Amino acid sequence: MDLLTSFYRYLEGMEATTEPLRERAHRVRYEVYCLERGFEDPAAFPDGLERDAYDARSLQALVQHRSTGYPAGVVRLIQPDPDDIEAPFPVELQCAGMLDQKVIDRFGVDRAHLAEVSRFAVARGFKRRPGESGTVAGVSSELEYATEQQIEDARRIFPHISLGLIAMLFVMSRRQGITHWYAVMEPSLSRLLTRFGINFTPIGPIVDYHGRRQPMIARPEQLLETIQRKRPDFRALIDSLSGDQPTLRIPASRSAAG
Numbered sequence: 000m001d002l003l004t005s006f007y008r009y010l011e012g013m014e015a016t017t018e019p020l021r022e023r024a025h026r027v028r029y030e031v032y033c034l035e036r037g038f039e040d041p042a043a044f045p046d047g048l049e050r051d052a053y054d055a056r057s058l059q060a061l062v063q064h065r066s067t068g069y070p071a072g073v074v075r076l077i078q079p080d081p082d083d084i085e086a087p088f089p090v091e092l093q094c095a096g097m098l099d100q101k102v103i104d105r106f107g108v109d110r111a112h113l114a115e116v117s118r119f120a121v122a123r124g125f126k127r128r129p130g131e132s133g134t135v136a137g138v139s140s141e142l143e144y145a146t147e148q149q150i151e152d153a154r155r156i157f158p159h160i161s162l163g164l165i166a167m168l169f170v171m172s173r174r175q176g177i178t179h180w181y182a183v184m185e186p187s188l189s190r191l192l193t194r195f196g197i198n199f200t201p202i203g204p205i206v207d208y209h210g211r212r213q214p215m216i217a218r219p220e221q222l223l224e225t226i227q228r229k230r231p232d233f234r235a236l237i238d239s240l241s242g243d244q245p246t247l248r249i250p251a252s253r254s255a256a257g
């Protein structure tokens, strides 16, 4: 089964543009960053929805399990501050004094079209192997109500969840005119993405921030060219989710707001 068919058989990707979808995204973040990984204090979010100051200038996307509607992963794209173009991105604060400005300058970054990839997480119940839960992979309590077969199906296509989230970053960036991405990425995710033609450029050393991560930069349009050469099947998924190509005719799942 090819990537496009497999993705749409089990999963669906969407931007979190409604309040119910945004709540799902924040709840996955809470379960990942507060309950599972302990990066944030659960007591700071009594409603079970993890938020921060950057959400006011961010877009979010979800990948959901098609047959159940359960959230399988979430990602956020932090945009420039509309009131202060020089307002720092998280990576510029967390890696202050460590970023290689010469490398950044070579990318010709226009801050008005720069965004940071953030809160990238896959729900723990959808991961293939127990050891993979050591990365920033969310835990969704909703999965307790899925059948064993549904979870097994999801685990078989675990990489598709990460690829779906990355594809949604391209979708949101195209719509918003984003030309460059910052990211602070786990080595395991970086290795997975490299297999699909997604090569971020390091701009600093590995740091201990929500686990071992490295600050990086990329130009989405340049990545798309590499993806087209190395993995045209992944490029087809990106274009499909962008609406550039017709998606497969698959019965609709239950409402995402359910």
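Reminder that position 159 of the sequence shown reads as 158 in numbering that gives the first Met the number 0, one-by-one numbering, no gaps.
Glycine included, each C-beta is placed from N, C-alpha and C at the ideal position.
Remember, it's a predicted structure, so these values are computed and weren't measured experimentally.
Which of helix, strand or coil DSSP assigns to residue i
| i | result |
| --- | --- |
| T225 | helix |
| T4 | helix |
| D54 | helix |
| V170 | helix |
| F119 | strand |
| Y270 | Outside the shown range of the chain, which is 0 to 257, sits residue 270, and nothing can be said about it. |
| V62 | strand |
| T200 | strand |
Unbroken beta strand (DSSP E) run spanning residue i, endpoints
| i | result |
| --- | --- |
| I77 | 70 to 77 |
| P214 | 211 to 217 |
| A42 | That residue, A42, is in no beta strand (DSSP E); it is neither H nor E in DSSP. |
| M182 | As written in the sequence, residue 182 is Ala, which differs from the Met given in the question. Element bounds for A182: 179 to 184. |
| L10 | 10 to 14 |
First through last residue of the alpha helix (DSSP H) which encompasses residue i
| i | result |
| --- | --- |
| E18 | 18 to 28 |
| A235 | 231 to 241 |
Beta-carbon proximity check, residue i vs residue j, cutoff 8 Å
| i | j | result |
| --- | --- | --- |
| V90 | L168 | no |
| T193 | M215 | no |
| D232 | L10 | no |
| Q93 | Y7 | no |
| R211 | I205 | yes |
| V62 | L223 | no |
| Q175 | Q78 | yes |
| T225 | N198 | yes |
| L76 | M13 | no |
| L113 | S161 | no |
| R123 | E39 | no |
| A166 | I84 | no |
| F106 | R218 | yes |
Closer than 8 Å to chain B by CB, residue i
| i | result |
| --- | --- |
| G12 | Looking at the structure shown, chain B is missing, and only one protein chain is on hand. |
At least three beta-carbon pairs within less than 8 Å, the stretch 96 to 106 to the stretch 42 to 61: no
Given 8 Å as the limit, is there contact between the stretch 71 to 85 and the stretch 182 to 198, that is, 3 or more CB pairs closer than that? no
Examine the Cβ distances between the stretch 16 to 28 and the stretch 39 to 51 and report whether three or more of them are shorter than 8 Å. yes
Within the stretch 81 to 105, ranges of the alpha helix (DSSP H) (whole runs, at least 4 residues): 89 to 93, 100 to 105
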